[in-house]
Amino acid sequence: MEMNQVLTFAMEIGEWMLMSGAGVARVEDTIHRICKAYGARETNVFSITSSIVTTVQDKDGTMITQTKRIRRYQTDFQKLDKLNTLSRYMCKQLPEAEEVRERIRTIKEGETCSSRKQIAVSALIAGAFTIFFGGGAAEGMIAFLTGGLVIFFGNFMKRLMTNTMFINFVSSFFVASAAWLAAKSGFALDYGTVIIGNIMLLVPGVAFVNSLRDMIGGDMMSGILRVCESVLLAVFLAGGSFAALVFWGGVF
Numbered sequence: 002m003e004m005n006q007v008l009t010f011a012m013e014i015g016e017w018m019l020m021s022g023a024g025v026a027r028v029e030d031t032i033h034r035i036c037k038a039y040g041a042r043e044t045n046v047f048s049i050t051s052s053i054v055t056t057v058q059d060k061d062g063t064m065i066t067q068t069k070r071i072r073r074y075q076t077d078f079q080k081l082d083k084l085n086t087l088s089r090y091m092c093k094q095l096p097e098a099e100e101v102r103e104r105i106r107t108i109k110e111g112e113t114c115s116s117r118k119q120i121a122v123s124a125l126i127a128g129a130f131t132i133f134f135g136g137g138a139a140e141g142m143i144a145f146l147t148g149g150l151v152i153f154f155g156n157f158m159k160r161l162m163t164n165t166m167f168i169n170f171v172s173s174f175f176v177a178s179a180a181w182l183a184a185k186s187g188f189a190l191d192y193g194t195v196i197i198g199n200i201m202l203l204v205p206g207v208a209f210v211n212s213l214r215d216m217i218g219g220d221m222m223s224g225i226l227r228v229c230e231s232v233l234l235a236v237f238l239a240g241g242s243f244a245a246l247v248f249w250g251g252v253f
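Residues in the sequence shown are numbered from 2 upward in steps of one, following the numbering used here.
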């Protein structure tokens, strides 16, 4: 396989790994190992949360550079595991281009968690967190219902726009509004625990943990970018909830 084609496949694998929740160190190492396995003399990979740049020197000394711009993320550990398995297979067996292309296509188009499963699991998680943070059975039931609705609402919003910050603001506004109205209607006593239980669904936990791993591993730029993104998302979540309480009169 020509090095230009190898780099194309390696970059595509790295791109989808980053989108699926991998840390930048894992992405850089994967691209480096694939290119080295196919005979690259030298490989230099630089990745941050929104971009991957790789320069490879082949056996003839020719320098090849490719860039990938990352614009969206969808945490999917099942897909990430399959991509990692494929990269290991490529390094050991050195398959030809057609086989690699087909395997990548299969992974990209493979089964993902359906909307129904996401809604059901999110409802259970929201209800469990609400009870964990001190809510009663009534608050847990309200959180269970709103937890499913917030994921349905979030998926619907993603079809209309790509601005993650605004989606998180609107989603948290929706959660706080539902909790406050449920409390005012007498269905729940403490709307605060309902809000907390649902907000836990939206907190960027994977991104924050990856940012710490990046900084500990020496990738300071990527780590700082991820921390800033996580903090900004958290600010929008808090802002949406606060705006809802102010709007409905729950604070003042």
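For glycine and all other residues, C-beta sits at the position ideal for the given N, C-alpha and C. Remember, predicted model here, so these are calculated numbers, not experimental data.
- Taking all protein chains in view, the Cβ of S186 is surrounded by fewer than 16 other Cβ atoms within 10 Å, so the residue is classified as exposed.
- For S242, the closest C-alpha among the options K109, H33, S173 is that of S173.
- In this structure, G198 and G136 form a Cβ contact; the two beta carbons are roughly 7 Å apart against a cut-off of 8 Å.
- According to DSSP, M64 shares a beta bridge with Q58.
- Taking the Cα of T55 as reference, the smallest distance to any Cα among F10, R227, T107, V236 is reached at F10.
- Sorting R42, G240, M12 by C-alpha distance to the C-alpha of V28 places M12 at the top.
- DSSP places I32 inside the alpha helix (DSSP H), whose first and last residues are 25-38.
- At a Cβ-Cβ threshold of 8 Å, S88 and I35 count as neighbours.
- In this structure, M166 is the residue among M166, F145, L246 with its C-alpha nearest to the C-alpha of S231.
- Under the three-pair Cβ rule at 8 Å, the segment 207-225 does not count as touching the segment 131-147.
- Note on the segment 181-232: whole alpha helix (DSSP H) runs with a minimum of 4 residues are 192-200, 206-217, in chain order.
- The continuous stretches of alpha helix (DSSP H) do not include F47, which lies in the beta strand (DSSP E) extending over residues 43-49.
- K109 is not bridged by DSSP to any residue.
- Counting of Cβ neighbours within 10 angstroms places L161 among the exposed residues, the total staying below 16.
- Rounded to whole angstroms, the Cβ separation of F175 and F153 is 10 Å, and the two are not in contact under 8 Å.
- Just measuring C-alpha positions, the residue of I126, G141, S52, A180 sitting nearest L246 is A180.
- Residues Y192 of the same chain have their beta carbon placed closer than 6 Å to that of A184, with the five preceding and five following residues left out of the count.
- Within the segment 90-144, the runs of alpha helix (DSSP H) that reach at least 4 residues and sit entirely inside it are, in chain order, 98-109, 116-133.
- The beta carbons of L95 and I14 sit no closer together than 8 Å.
- In this structure, I71 sits away from E3, with a CB-CB distance that is not shorter than 8 Å.
- With fewer than 16 other Cβ atoms from the protein chains shown falling within 10 Å of its own Cβ, I217 counts as exposed.
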